Amino acid sequence: MNRCFKKLFPIILGVITPFCLAASAFAENDPNNTDNTDLDLSAAGAVVINADTGSVIYEHNAYEQRAMASTTKIMTALLTAEAGDLDTRFTADSYAIKVEGTSMGLKEGDIVTRRALLYGMLLPSGNDAANAAAVSVSGSMGEFVKLMNKKAAELGLKDTHFANPSGLDAQGHYTTAYDLAMLARAALDNPVFAEICKCSSARVEFGNPPYMRTLSNSNKMLWQYEGCVGVKTGFTDNARRCLVTAAERNGVRLIAVTLSDANDWADHAAMLDYGFTQVKPTEIVLPSPIVVPVAGGSEEQVTLQLAEKITLPLSEEENQTLSIQINTEPFLYGGFEKGTAVGTACVYLNGEYVCCTDLVTEKAVASSCEMGFWEKLWCFLRRVFF
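The C-terminal position of the sequence shown is numbered 1422 in our numbering, with every residue numbered one higher than the one before it.
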């Protein structure tokens, strides 16, 4: 943009412009709203969400508090990944690794890294790995549990409370299918977590002295369901079988959760299949042309367009809640090139921010100070007579 272009204070040219006239009250967290789709599940609580938007696609008792077993380790792993320093070796806390249940095979005096512990808790669901990571990150399991509940509050998990890092049955240790799906959504945004939880097996080094060994993932969905990318299994006598899965197909990512489900593998396949019929990649377009007046230029106005294509995976219900907020100048001064950014278009879903992109000029407009005599005369005549 040259010196003849002067930036003015931005105004909202188009306030909230709905893509559709229908105002569907699509419930994202309403315990009284139950999807009437009959999937014939065995789960006591279940949910499928659109991982990109967080909206609920299907739910059954999704807001009832229940034990979560080793799906707890989604939070433990997320906090460990966020703590960083993943490849520094240290000796695993000897008290922390003395825990019942599933194990990655840690022994007293073993030398590990936080990265190895992440594999250990997410693949074979090692309670020893979860406890050792907790002590490494926070100094004690008690302090780590405080960190877990702080993170839960930050993520808006209103019906979740943690009592330990591993997921063993304990008083005050509970979640909901919905909260667990939202936790998984946040965890999958962490690249370290996302990379590890999708591994069906991995070669990991630990021991005293450390040596390589193979850890296998307990999540059968990784090889049984097309597009599965994680995330975590769980079982205790109280919680029964718990499962969180994520799957991707054609640009759509879904997260499914079941709590207390004796038929979880089949139920997750059915839930995800249903979800993929409901959510489709949708190109976002401006509902009407955005035209801005031009002063001191070879044109009286210029049309704006999106700087880049926006495609979102949306259900029909989500599509009805979409809106776009247009922010641009009240008018422009001539003297700008084609593709000059002069505003933004921000997309909202059900009133919540989704993304933004620049609004750019559809063509170049010369400044009057750069125009010759005949060009200025033609512009004058066009404005007077045409």
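By construction, the Cβ of each residue, glycine as well, lies at the ideal position given by its N, Cα and C atoms.
Quick caveat, the model's predicted, so the values are computed rather than measured.
At which residue ranges does the stretch 1345-1384 contain complete alpha helix (DSSP H) runs of 4 or more residues, listed in the order of the chain?
1352-1355
Less than 8 Å separating the beta-carbons of residue 1271 and residue 1106?
yes
Kindly list the residues whose CB is nearer than 8 Å to the CB of residue 1304, restricted to its own chain and excluding five residues on each side of it in sequence; keep chain order.
1257, 1261, 1279, 1281, 1292, 1294
So, using beta-carbon positions, are residue 1326 and residue 1346 closer together than 8 Å?
no
Report yes or no: do three or more beta-carbon pairs, one from the stretch 1201-1221 and one from the stretch 1140-1154, lie closer than 8 Å?
no
Go ahead and label residue 1298 buried or exposed: buried means 16 or more other beta carbons lie within 10 angstroms of its beta carbon, across all protein chains shown.
exposed
For the stretch 1142-1207, list the beta strand (DSSP E) runs that are entirely contained and at least 3 residues long, ordered along the chain.
Fully enclosed beta strand (DSSP E) runs of 3 or longer: not present.
Do you know offhand how far residue 1337's Cα is from residue 1373's?
One C-alpha to the other measures close to 14 Å.
Go through its chain and collect everything with a Cβ distance to residue 1402's Cβ below 7 Å, but skip five positions before and after it.
1333, 1334, 1370, 1371
Proximity to residue 1084 [Cα-Cα], best of 1219, 1187, 1171:
That would be 1219, whose Cα lies nearest to the Cα of residue 1084.
Taking the continuous beta strand (DSSP E) assigned at residue 1085, which residues delimit it?
Its beta strand (DSSP E) spans residues 1081-1086.
Cβ of residue 1168 within 8 Å of Cβ of residue 1112?
no
Between the CA atoms of residue 1344 and residue 1233 - distance to the nearest angstrom
32 Å
Supposed contact pair residue 1171 and residue 1117 - C-beta distance, whole angstroms, cut 8 Å:
That belief does not hold up - the Cβ atoms of residue 1117 and residue 1171 are roughly 16 Å apart, past 8 Å.
Anyone know if the C-beta pair for residue 1223 and residue 1267 falls short of 8 Å?
yes
Other residues of its chain near residue 1046: CB distance less than 8 Å, five sequence neighbours each side excluded:
With a pLDDT of 36 at residue 1046, under the threshold of 50, the predicted position of this residue should be treated as unreliable, though the coordinate-derived value follows. Hits under 8 Å: 1363, 1364, 1365, 1379.
Count the other CB atoms within 10 Å of the CB of residue 1095; is the residue buried (16 or more) or exposed (fewer)?
By the neighbour-count criterion, in which 16 or more other beta carbons inside 10 Å mark a residue as buried, residue 1095 falls on the buried side.
I need the DSSP call for residue 1266, collapsed to helix, strand or coil.
Residue 1266 falls in the strand class under three-state DSSP.
Can you list the alpha helix (DSSP H) stretches of 4 or more residues lying completely in the stretch 1208-1291, in chain order?
Counting only runs of 4+ residues, the alpha helix (DSSP H) found wholly inside the stretch 1208-1291 occupies 1213-1224, 1227-1233, 1257-1260, in chain order.
Would residue 1250 and residue 1237 qualify as a contact pair, given that the criterion is a beta-carbon distance under 8 Å?
Taking a C-beta distance under 8 Å as the contact criterion, residue 1250 and residue 1237 qualify as a contact pair.
Provide the residue span of the alpha helix (DSSP H) that contains residue 1118, from first to last.
1109-1119
On the DSSP letters alone, give me the boundaries of the alpha helix (DSSP H) that residue 1310 sits inside.
1300-1314
How is residue 1139 classed by DSSP in three states: helix, strand or coil?
coil
Within 10 angstroms of the Cβ of residue 1160, are there 16 or more other Cβ atoms? Answer buried if so, exposed if not.
buried
Quick one: Cα of residue 1229 to Cα of residue 1328, how far?
For the pair residue 1229 and residue 1328, the Cα-to-Cα distance works out to about 46 Å.
Might you give, ordered along the chain, the residues of its own chain that have their beta carbon closer than 7 Å to the beta carbon of residue 1244, omitting 5 neighbours on each side?
1145, 1146, 1147
Check the C-beta distance from residue 1102 over to residue 1269 and give it rounded, since I have them as a contact under 8 Å.
Contact flag wrong, Cβ pair sits at about 16 Å.
Proximity winner among 1129, 1350, 1182, relative to residue 1093 (alpha-carbon distances):
1350
Could you give the distance in angstroms between the alpha-carbon of residue 1206 and the alpha-carbon of residue 1275?
10 Å
Within 8 Å, strictly: CB atoms of residue 1360 and residue 1383:
yes
Using the three-state DSSP reduction, which class does residue 1403 fall into: helix, strand or coil?
strand
State the Cα-Cα distance for the pair residue 1311 and residue 1241, rounded to the nearest angstrom.
When the Cα atoms are used, residue 1311 and residue 1241 turn out to be separated by approximately 38 Å.
Do you know offhand how far residue 1264's Cα is from residue 1254's?
13 Å
Quick check: residue 1357 and residue 1398, are their CB atoms within less than 8 Å of each other?
Not in contact: residue 1357 and residue 1398 (Cβ atoms no closer than 8 Å).
Output the distance between the C-alpha atoms of residue 1104 and residue 1323, rounded to the nearest integer angstrom.
Each residue's alpha carbon lies about 44 Å from the other.
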